[in-house]
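Novice:
2 protein chains.
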Amino acid sequence: MKSNNDPGKEEIEEFFKNLQDKICDAIEKADGKKQFEQDLWQHHSGGGGRTRLIQEGAIIEKGGVNFSAVYGPASEDMKRQLKIEKDADFFATGVSIVQHPHNPMVPIIHMNVRYFELSDGTYWFGGGIDLTPHYINLFQAKAFHEKLKQVCDKHDVGFYPQYKKWADDYFYIVHRQETRGVGGIFFDHLNEQSLKKSKREIFNFVKEVGEAFAPIYTQLMTTNAGLSYSEEQKEWQHIRRGRYVEFNLVWDRGTKFGLATGGRTESILMSLPKEAKWFYNHSPANGSKEEETLSYLKKGIDWVNLEVQER
Amino acid sequence: MKSNNDPGKEEIEEFFKNLQDKICDAIEKADGKKQFEQDLWQHHSGGGGRTRLIQEGAIIEKGGVNFSAVYGPASEDMKRQLKIEKDADFFATGVSIVQHPHNPMVPIIHMNVRYFELSDGTYWFGGGIDLTPHYINLFQAKAFHEKLKQVCDKHDVGFYPQYKKWADDYFYIVHRQETRGVGGIFFDHLNEQSLKKSKREIFNFVKEVGEAFAPIYTQLMTTNAGLSYSEEQKEWQHIRRGRYVEFNLVWDRGTKFGLATGGRTESILMSLPKEAKWFYNHSPANGSKEEETLSYLKKGIDWVNLEVQER
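For the record, the sequence lines run as chains A and B.
Under the numbering used here, the first residue of the first sequence carries the number 26, and numbering increases by one thereafter.
Under the numbering used here, the first residue of the second sequence carries the number 26, and numbering increases by one thereafter.
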């Protein structure tokens, strides 16, 4: 399935860089108060990144939109993690996003699109989007999955069911037996071998996932940011953020890989919220909104076919 | 080096259980306001534990003192983690403590003493104490190490240098290149083979480590709890607690082992503070007390021989 039309790493890197710009613009416009600040950094073996953070905005309390394109000889750590036996040069580029809003009625969101290649010619794409509401809104969760299904279906009707399940399994806090949020899609190691599609076709899918992010999240920002909330609801947000921290530091393979292979700590850990809390054995009251939210933090919910009313 | 005088698991369990009682009493007395609440729990394969938490005390904001004694067939996860090849029954007992105070001038402390045995007759003791000041007090850090050295020297003058270095290496936040605090002692896999001491002699050492905890920490509590502090210093405490969370969730083998082998999540994660914060790329001001503290969060400081003035 090789073709002359296959995208090279320069084209992919350029797309991701522009995607970062577009997403930052969209979030700034929706936030209306603060702008992203940028840190440029260089990777020890080659390349580098643009870490962008928005802090204390009108809607976003702390949000990162990171781009990087790094390369060099694969380190021993990387070879072990990726199960590569021979010496090789690598090239990795991607965009990674986490947004933590002030208002507990606005969900946390995460998106990542990435490309990796080795000097022996192997390559793969990976990525995903998942939504973590502090308070479940069934209508919005369903709409989120419908949008992702649309994006997937345009490229392969097999994608959504498979990548939705992959997200359920990936964004799972094993020791809590709960999902991080309402899931989304997750995919990895996409290439000609795994998909029977050309590199161009796979890249087109990944591009569309990346481009879906800004309209999805800015709508959630503007729709929910005006909702009122109590001190108790703010505290629940901090507890849910604690679970977000637990997932990212204990189970997220991307975070662990980054920290173990000498990635830039501050760029990796921009995913952590400004503030999180842990109460021993916290359990929401019977019949509460918090309990309702917890009841939806599980695998296998068929969001697209859920019958819900707008509210 | 086997002897008829060797302690059996019943004696060891009984000691740890009483140690939990004595330490809780001492902390309650020093705190003066709140008492520990107890949760009894059972392990799925046998045995169980007593999780005790003190919350919103006069001095301690959130502190756990846990005892457990669990047994049963070693699970596949446990065998993989412990590199055991054959089927075996295990027995594990220990006391584990983390105290998070309100006042940033009072350090966080951790202590653990534990015993593990397998049905094939192999056994080992492990444990450690380490201190994590939010603000370094050189005199107190030195006194802490002096006390630990005294405890070690009574049993073997080789212990302190070896276990102090082990703590430096263990309580290390690799991705930050900083130690969790000013260290202490750490030891593992102590038995007749590794030490050329009888089981009774090793147990006597572990007992004395456990018994050293209460006088060390209650003195720090009562000496420092009256010190005044600012909002900025409280914020710095929350940042340091964030590093504590990072260490425990990313690097602490005990936490990872517990979460991966189906340990009781709420008992394991009682080590997390009530509240922690993360600011992107935070860096203390030149010449500040925060910068001074950071400068001591490194391996290899010879605390016992450091020349310091009381302050």
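Beta carbons are placed, not taken as given, at the ideal position from N, Cα and C, and that holds for glycine.
#1: Tell me whether the beta-carbon of B/Y321 lies closer than 7 Å to the beta-carbon of B/I161.
#2: Which of the three DSSP states, helix, strand or coil, is assigned to B/S219?
#3: When we look at the beta-carbon of A/N306 and count the other beta-carbons within 10 Å, is it buried (16 or more) or exposed?
#4: Which value, in whole angstroms, describes the spacing of the CA atoms of B/F92 and B/G74?
#5: Which residues of chain A have a Cβ atom closer than 8 Å to the Cβ of B/M295, listed in chain order?
#6: Is there a Cβ of chain A sitting closer than 7 Å to that of B/V207, yes or no?
#7: The beta strand (DSSP E) that contains A/V138, what's its start and end?
#8: Since B/E300 sits in a beta bridge, which residues does DSSP pair it with?
#9: With a Cβ-Cβ cutoff of 7 Å, do A/F282 and A/Q106 count as a contact?
#10: Whose CA, out of A/T118, A/G72, A/R266, lies closest to the CA of A/G97?
#11: May I have the straight-line CA-CA distance separating B/F41 from B/V123, to the nearest angstrom?
#12: Taking DSSP as the reference, what is the three-state secondary structure of A/P98?
#13: I want to verify the contact list: residues of chain A whose CB lies under 9 Å from the CB of B/H200, in sequence order.
#14: Sorted by chain position, which residues of the same chain lie with C-beta nearer than 6 Å to A/D213's C-beta, five sequence neighbours on each side aside?
#15: Residue range of the alpha helix (DSSP H) that A/S337 falls in?
#16: Got a sec: is the Cβ-Cβ distance from B/L173 to anything in chain A below 7 Å?
#17: Mark A/A301 as exposed unless 16 or more other C-beta atoms lie within 10 angstroms of its C-beta, in which case mark it buried.
#18: Under 7 Å, Cβ to Cβ, is there at least one residue of chain A near B/V275?
#19: State the start and end residues of the unbroken alpha helix (DSSP H) segment that holds B/G57.
#20: Any C-beta of chain B within less than 9 Å: which residues of the region 70 to 99 of chain A qualify?
#21: With DSSP as the reference, label A/D50 as helix, strand or coil.
#22: Taking the alpha-carbon of A/G206 as reference, which of A/S219, A/G288, A/P132 has the nearest alpha-carbon?
#23: Does DSSP put A/K323 in a helix, in a strand, or in coil?
#24: Cβ-heavy atom distance between A/F196 and the ligand PLP below 6 Å?
#25: Determine contact between the region 219 to 234 of chain A and the region 137 to 156 of chain A, defined as no fewer than three beta-carbon pairs at a distance below 8 Å.
#26: Quick test of the definition: if touching needs 3 or more C-beta pairs under 8 Å, does the region 280 to 295 of chain A touch the region 188 to 207 of chain A?
#27: Tell me, which residues are paired with B/T204 by DSSP?
#28: Using a Cβ-Cβ distance under 7 Å, would B/E300 count as near chain A?
#29: I want to know whether the region 47 to 67 of chain B touches the region 75 to 91 of chain B - three or more CB-CB distances under 8 Å.
#30: So, are the CB atoms of A/P129 and A/Q262 less than 7 Å apart?
#31: Using only the alpha-carbon positions, how far apart do A/K323 and B/D277 sit?
#32: Do A/A113 and A/D145 count as a contact pair if the criterion is CB distance below 7 Å?
#33: What residue does the alpha helix (DSSP H) around A/I264 start on, and which one ends it?
#34: Anyone know if the C-beta pair for A/D155 and A/G209 falls short of 7 Å?
#35: Under a three-way DSSP split, which group does B/L337 fall into?
#36: So what's B/F150 in DSSP terms, helix, strand or just coil?
Specialist: According to the data block:
#1: yes
#2: helix
#3: exposed
#4: 6 Å
#5: Y305
#6: no
#7: 133 to 143
#8: A/K302
#9: yes
#10: A/G72
#11: 16 Å
#12: strand
#13: G283, L284, A285, G287, G288, T290, I293, L294
#14: G151
#15: Because chain A spans 26 through 336 in this model, residue 337 of chain A falls outside it and cannot be assessed.
#16: no
#17: buried
#18: yes
#19: Per DSSP, B/G57 belongs to no alpha helix (DSSP H) and is neither H nor E.
#20: T76, L78, Q80, K87, G89
#21: helix
#22: A/P132
#23: coil
#24: Looking at this structure, you won't find the ligand PLP or any other ligand, since it has none at all.
#25: yes
#26: no
#27: B/Y197
#28: yes
#29: yes
#30: yes
#31: 27 Å
#32: yes
#33: 256 to 271
#34: yes
#35: Only positions 26 to 336 of chain B appear in the structure, and residue 337 of chain B is not among them; the question remains open.
#36: strand
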